[in-house]
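Protein chains in written order, with the UniProt record's numbering: chain A, 1 to 542; chain B, 1 to 316.
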Amino acid sequence: MALSRYTFAAAFGAASVLSVPVAALAQDKILRIGMTAADIPRTLGQPDQGFEGNRFTGMTIYDSLTAWDLSKEDEASVVIASLATDWGVDPEDTTKWIFTLRDDVTFHDGTPFNAEAVVWNVQKVLDEDAPHFDASQVGVTASRMPTLRSARVIDEFTVELTTSEPDSFLPINLTNLFMASPSHWQAKFDETGDAESAWAAFAADPSGSGPFRVTGFVPRERLELAPNTDYWNPDRTPKLDGVVLVPLPEANARTAALLSGQVDWIEAPAPDAIPQIESRGFNIYANPQPHVWPWQLSFAEGSPWLDIRVRHAANLCFDREELQILLGGYMGLPKGTVDPTHPWWGNPDFDIRYDLDEAQRLMSEAGFSAENPLAVKVQTSASGSGQMQPIPMNEYLQQALRDCYFDVELDVIEWNTLFTNWRRGATDESANGAHAINVTFATMDPFFAMVRFSSTGTFPPVSNNWGYFGNDEFDALIADARTTFEDDARDAALGRLHKRLVEEAPFVWVAHDAGPRAMSTRVTGVVQPKSWFIDIAPMDMD
Amino acid sequence: MFGYTLRRIIYTAPVLLGVAVVCFALVHISPGDPLISILPADASVDLQNRLRTLYGFDRSYPEQFILWLGRALQGDLGTSIATGRPVTTEVMRAVANTLMLAAVATFIGFVLGCFFGFVAGYFSNSPLDKAASAAAVFGVSVPHYWLGMVLVIIFSAQLGWFPAAGAGPGGSSQWKFDMEHLSYMVLPALTMSVIPMGIIARTVRALVAEILAQEFVIGLRARGLSELGVFLHVVKNAAPTALAVMGVQLGYLLGGSILIETVFSWPGTGMLLNSAIFQRDLPLLQGTILVLAMFFVVLNLAVDVLQSALDPRIKR
């Protein structure tokens with residue numbers, strides 16, 4: 001017994017000494033972030049790991065021609081100028097865009113940013129004959145700017161970009177093309193002798209023009225960033241001494257790392273840990289993101305959703321605020337694919353709300369009742385990126401929709417399989433007879449938010465119009481939006497598309513993710529915009 | 001002895017080839033797209049086909065296997081699709097981290113396991129035996145990821161004594177054997193040691209109890225040998241089996257515990273496998289499994305040779 005006491009005292013003493021460095025670290029203005037990614041997102045220019053990659057190793061190290069406005073938390077995040085100061089389509093040939101570039105930007109290696117750098121960065125993912133072409137960056141880039149084909153220097157600070165067809169979405173797409181330093185890559189190429197090795201060396205020691213530069217990189221463990229004090233944008237010149245990114249894929253490990261003072265900020269804390277995190281004095285930041293958690297409905301022959309009354313009834317039949325409580329409050333209440341503050345809102349006539357009486361009336365009118373319920377089958381997953389809490393949320397819907405005479409069967413499959421099935425369509429055998437699929441999606445860009453779900457040109461296997469929703473009216477609305485090049489007019493055209501989309505209801509809109517993140521109270525200057533992204537550059541620490 | 005060792009080494013060659021075939025086949029028959037980490041599901045069909053060709057996934061499986069095996073025999077396990085880094089470098093870095101953790105965990109597990117096992121075996125059916133056996137059963141039964149989480153909640157989140165995650169303040173590349181770095185290893189090593197501790201304790205207990213019941217022990221005592229002398233005889237007789245069990249356990253731990261390494265964000269082979277599986281990073285997955293399987297085979301070979309040295313009857 002006495003030995004146990006001594007042992008305990010010794011362990012306590014040793015541990016107290018050991019805990020000193022952990023606490024000491026926290027005194028610097030080094031912002032330590034626990035990411036959900038299992039690895040450091042790629043640092044060579046075009047990050048992987050989805051938008052978390054763009055958030056932490058894209059927008060920090062690099063700039064793009066256009067960027068998202070992340071300075072407001074109560075308005076929709078819209079596209080603003082970044083490395084390009086001005087742009088417009090060539091009225092003679094609407095597949096050509098002219099971008100005017102900033103003339104005061106240098107990369108971290110000291111070389112200037114100019115039109116040649118833009119052409120080089122377009123070639124790295126689109127020109128297979130270019131010496132610096134990198135197949136590994138193609139997928140995450142080309143899919144987000146599907147119509148961009150080439151770039152040409154007009155003069156030192158003017159560049160022409162060409163698309164495969166007239167496409168007014170290009171300036172939005174270009175937020176995903178990050179500008180890496182051609183000279184720095186060339187230096188790596190001269191050292192290593194082949195393009196693949198040069199990119200690997202570039203990733204370990206990258207050079208962009210962003211507000212932070214890389215000072216330390218341990219693959220899969222940590223990325224250290226220092227402020228770029230010569231940054232061209234004074235509003236985004238960092239005040240922090242540095243940023244450390246740590247991959248912590250396990251939610252409980254992230255929470256423990258925050259509570260023990262090992263990191264100052266964690267992404268996506270475990271929902272059931274949020275009360276504890278708040279009780280320990282940490283701040284939780286959340287805001288509805290451009291994200292939709294839907295049931296995407298089938299319009300294939302024989303589908304129960306072909307009747308618009310049934311689609312509307314499902315949208316009216318459950319109380320989203322109740323679901324919000326189930327998720328600890330961290331959920332946005334959808335009124336459509338985008339919210340009413342968004343430029344693409346368009347004032348739909350169908351109001352997505354909780355109205356049980358109206359839902360029951362619509363279902364009765366459609367010929368269903370408690371004795372004669374409508375059987376619907378929904379394919380979903382037990383987990384997955386952006387899926388929030390798919391099983392409890394779907395079970396909630398299953399239960400709630402019973403009041404409107406729906407008999408919901410859930411077909412739960414593995415996430416990657418579900419994701420692959422999404423491309424195969426409702427009539428494919430992989431759908432297993434499902435009438436709806438539950439795959440969440442981002443709505444930053446009009447193509448990914450609306451076009452791919454409502455065009456007859458995006459039926460499977462071309463894209464993700466799983467339910468085969470589309471007709472001439474929607475094709476015309478899409479064509480109008482794509483060929484309207486003035487920003488406000490384009491947004492108005494997208495508003496008309498969104499209005500009709502909500503009214504036709506090819507989805508049951510269930511939730512927007514609020515993307516909670518927990519931070520130490522030492523972190524100041526935090527603006528949580530309505531975006532997948534957050535700007536670290538203006539942040540500071542007490 | 002030399003002939004036996006050589007024979008054992010030759011026997012490992014077909015095993016390794018079999019491992020390579022199974023490893024390649026398992027990875028390729030599992031569902032999902034190998035390019036998922038670099039190619040969103042909404043990418044165009046053209047783009048998917050282009051990348052499939054660029055990465056060589058449009059070739060037949062036998063062709064892909066032969067190319068992969070040919071490169072692997074030269075020490076080149078390919079390049080990770082997700083990170084673009086050489087698989088060999090990735091795997092070796094992770095193996096070094098896991099080896100470090102596994103060695104400490106095995107040491108703790110072996111020492112505690114032998115201690116509990118000998119105590120239980122020597123004092124069979126006594127309260128000491130029951131207590132030691134209970135500790136062993138706890139070790140075998142407790143879900144180690146759960147234990148890891150509990151330890152993190154108590155010692156990291158609540159008390160703040162030990163870091164919750166990672167392999168040192170500057171990452172594993174700056175690892176040093178000082179108190180600051182070792183503090184990162186305490187919780188994962190303790191968690192990882194629990195299962196080998198339980199298994200070794202139960203094995204040793206059974207062995208000791210069985211050996212003590214044998215006639216030669218009665219003979220030793222009848223000849224007036226001291227209890228320490230008898231104990232040394234028991235140890236010598238129990239050692240080959242205990243060693244074999246420890247070898248197998250070390251092999252398991254070298255494979256890295258996906259759960260423990262994920263709970264503690266320890267950058268070892270378990271975490272690497274986890275990441276490779278979720279990203280469907282086939283070259284990384286194949287390379288990691290192959291290297292781990294080779295470690296297992298080599299470790300078993302070493303244990304076999306060591307066992308035969310301790311007990312020459314095994315050679316027959």
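In this text, a Cβ means the ideal position worked out from N, Cα and C, and glycines have one as well.
Would you mind reading off the limits of the beta strand (DSSP E) that contains residue i?
i                      : result
residue 148 of chain A : 148 to 155
residue 419 of chain A : Looking at the DSSP string, residue 419 of chain A is not in any beta strand (DSSP E); the run it does join, the alpha helix (DSSP H), is 415 to 422.
residue 207 of chain B : It is not in any beta strand (DSSP E) - residue 207 of chain B instead sits in the alpha helix (DSSP H) that spans 179 to 212.
residue 90 of chain A  : 84 to 90
residue 517 of chain A : 517 to 519
residue 33 of chain A  : 30 to 35
residue 101 of chain B : Premise fails: residue 101 of chain B lies in the alpha helix (DSSP H), 87 to 122, not in any beta strand (DSSP E).
residue 218 of chain A : 212 to 218
residue 224 of chain A : 222 to 227
Apply the 10 Å Cβ neighbour rule to residue i and answer buried if 16 or more other Cβ atoms are within range, or exposed otherwise.
i                      : result
residue 43 of chain B  : buried
residue 11 of chain B  : exposed
residue 184 of chain B : buried
residue 145 of chain A : buried
residue 454 of chain A : buried
residue 292 of chain A : buried
residue 24 of chain A  : Its pLDDT being 42, under 50, residue 24 of chain A is placed unreliably by the model, and the measurement read from it follows with that caveat. Classification for residue 24 of chain A: exposed.
residue 49 of chain A  : buried
residue 22 of chain A  : With a pLDDT of 42 at residue 22 of chain A, under the threshold of 50, the predicted position of this residue should be treated as unreliable, though the coordinate-derived value follows. Counting Cβ neighbours within 10 Å, residue 22 of chain A comes out buried, since at least 16 surround it.
residue 399 of chain A : exposed
residue 222 of chain B : exposed
residue 85 of chain A  : exposed
residue 278 of chain A : exposed
residue 317 of chain A : buried
residue 288 of chain A : buried
residue 353 of chain A : exposed
residue 134 of chain A : buried
residue 35 of chain A  : buried
residue 227 of chain B : exposed
residue 542 of chain A : exposed
So, using beta-carbon positions, are residue i and residue j closer together than 8 Å?
i                      : j                      : result
residue 170 of chain A : residue 177 of chain A : no
residue 524 of chain A : residue 281 of chain A : no
residue 219 of chain A : residue 240 of chain A : no
residue 484 of chain A : residue 209 of chain A : no
residue 460 of chain A : residue 402 of chain A : no
residue 31 of chain A  : residue 243 of chain A : yes
residue 275 of chain B : residue 253 of chain A : no
residue 394 of chain A : residue 376 of chain A : no
residue 494 of chain A : residue 396 of chain A : no
residue 33 of chain A  : residue 263 of chain A : yes
residue 189 of chain A : residue 203 of chain A : no
residue 116 of chain B : residue 132 of chain B : yes
residue 498 of chain A : residue 337 of chain A : yes
residue 510 of chain A : residue 294 of chain A : yes
residue 216 of chain B : residue 186 of chain B : no
Please list the terminal residues of the continuous alpha helix (DSSP H) segment that includes residue i.
i                      : result
residue 240 of chain B : 227 to 254
residue 331 of chain B : Any property of residue 331 of chain B remains undetermined from this structure, which presents chain B solely from 1 to 316.
residue 63 of chain B  : 61 to 73
residue 47 of chain B  : 45 to 54
residue 236 of chain A : Careful: residue 236 of chain A lies outside any alpha helix (DSSP H) and carries neither H nor E.
residue 129 of chain B : 127 to 141
Residues bridged to residue i by DSSP?
i                      : result
residue 530 of chain A : A:76
residue 512 of chain A : A:332
residue 68 of chain A  : A:79
residue 489 of chain A : Per DSSP, none; premise fails for residue 489 of chain A.
residue 408 of chain A : A:376
residue 96 of chain A  : A:162
Looking at residue i and the ligand NAP, is the gap between the Cβ and the nearest heavy atom below 7 Å?
i                      : result
residue 236 of chain A : The ligand content of the structure shown is nil, which means the ligand NAP is not present either.
- Task: Please list the segments of the beta strand (DSSP E) lying wholly inside the segment 330 to 406 of chain A, counting only runs of 3 or more residues, in order along the chain.
- Result: 374 to 381
- Any beta strand (DSSP E) of 3 or more consecutive residues that is wholly inside the segment 98 to 171 of chain A: 148 to 155 and 158 to 163
- Query: Which ranges does the beta strand (DSSP E) cover as unbroken runs of at least 3 residues, wholly within the segment 264 to 336 of chain A, from first to last along the chain?
  - Reply: 265 to 267, 283 to 285 and 291 to 297
- Message: Which runs of the alpha helix (DSSP H) at least 4 residues long sit entirely within the segment 413 to 480 of chain A? Give them in chain order.
- Response: 415 to 422
- Task: Give, in chain order, every residue of the segment 408 to 441 of chain A whose Cβ lies closer than 8 Å to some Cβ of chain C.
- Result: Checking the listed chains, one finds no chain C in this structure; the protein chains it contains are A and B.
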